[in-house]
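Line by line, the protein sequences give chains Z and R.
In terms of my numbering, the first sequence opens at residue -5 and continues consecutively.
In terms of my numbering, the second sequence opens at residue 126 and continues consecutively.
Note that CB positions come from ideal geometry on N, CA and C, so glycine has one too.
Everything on this sheet refers to the single structure shown next.
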Amino acid sequence: MSFINYSSREINCKIVYYGPGLCGKTTNLQYIYNKTNPEAKGKMISLATETERTLFFDFLPLSLGEIRGFRTRFHLYTVPGQVFYDASRKLILKGVDGVVFVGDSQMERMEANIESLDNLRTNLAEQGYDLDKLPYVVQYNKRDLPNATPLPELQEVLNPTKVPEYEAVATKGNGVFDTLKAVAKLVLTELRKGS
Amino acid sequence: MGNQLVMYEEELQQIVRICEVLHKDSNAKAVLVIDKNGQAMASAGEVETLDVTSLSSLTAGNVAATGGIAQLLSEKEFAGQFHEGERTNVHISIVAQRLIMVVLFDERSSLGLVRLRVRKAATELTNVIDVLVKKSESSSQPSVFAEITDADIDNLFND
């Protein structure tokens, strides 16, 4: 749910990075955090376990600049990817304006990708959202690994609705900002439609 | 996205005023009003040293998690939370089902006083929010966003 503040002239939107455990959601946010000017970002918060697995969420507030005199602020969240944190994932989807599904390109993670994508659809539906109607992009991460599934196969399984999609190597930053820009654009376009 | 929350100058001033009165009446360090999705809306008191954005997001996460626990226990919600620190205490309450009121206080105040004052402020805040929700639902208000062009959106990313 976007929050439009006519008083302070701000638009606030929430984007959630979803995907299976260890697919690179947190890495996406860390890269964005590291490459963004200090004045455009707030503190990045990671609620993680001692072994750096996301326990509840990561949070990164970003300011993208002005649009017609309104400051656009995006709050980026990740969900915990591990299967048993489903209750937490549902909570984080509340009030979402845009979704990034981060798929893990590794062949042995294909099943985990499919499970996570199904889970995304189900959890969104529980909150009253339809994935097909939300601003939504897909990222195929870890494209640099030798055991990466060929792109056409990933596209067929993880992006049947043909939403904008990006290949990425989040550790090096490849595709990270392309993904963010794409979802941010869709969110703003949706805002225009909804107004 | 029909359920977006819109804030107008008039209501924001009223909410800020409620925060200021609560801050004074409860001898608190600071008062924040946050929406349930973690967006900060208004504040009063010693907020210069606070990271309000992070505090808002974490509080909303906390309230959401507590709400999840309530559901599991077949409770509607836990309307209030209290965290006791060595120097600062935090009182968190849900107002009008969609806002969170956070009061930070120290030894200059007490939980009893904060609770008492929050109750009064919550009633006033509920009234303001009711008006705000009606106002944002009425379609007559013009929106600047209908005029946003693709070029405007593209310009955001031209760095």
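1. Among the residues of its own chain, which have a CB less than 6 Å from the CB of R/L238, if the five just before and after it don't count?
2. Using a Cβ-Cβ cut-off of 6 Å (strictly less than) and excluding sequence neighbours within five positions of R/G127, which residues of its own chain qualify?
3. Excluding the five sequence neighbours on either side, which residues of its own chain have a C-beta within less than 8 Å of the C-beta of R/V256, listed in chain order?
4. Which of the residues in the stretch 165 to 180 of chain R, read from start to end, lie with their CB under 7 Å from any CB of chain Z?
5. Going straight from the alpha carbon of R/T178 to that of R/S199, what length do you get?
6. Any beta-carbon of chain R closer than 9 Å to the one on Z/G36?
7. Are any of the Cβ atoms in chain R nearer than 9 Å to that of Z/K8?
8. Looking at the unbroken alpha helix (DSSP H) that takes in Z/P146, where does it start and where does it end?
9. Look at the alpha carbon of Z/G169 and the alpha carbon of R/S263, and state the distance between them as a whole number of angstroms.
10. On the DSSP bridge list, what partners appear for Z/C7?
11. Which class does R/D160 belong to by DSSP, given the choice of helix, strand or coil?
12. Could you have a look at R/K259 and say whether DSSP puts it in helix, strand or coil?
13. Here's the rule I'm using: 16 or more other beta-carbon atoms within 10 Å means buried, otherwise exposed. How should R/L147 be labelled?
14. What is the residue span of the beta strand (DSSP E) that Z/G92 lies within?
Taking the structure as given:
1. Correct list, in chain order: S151.
2. In this prediction, R/G127 scores a pLDDT of 44, lower than 50, which makes its location untrustworthy; no coordinate-derived value is stated.
3. E136
4. D176, T178, S179
5. 31 Å
6. yes
7. yes
8. 145 to 152
9. 41 Å
10. Z/F68
11. strand
12. helix
13. buried
14. 92 to 98
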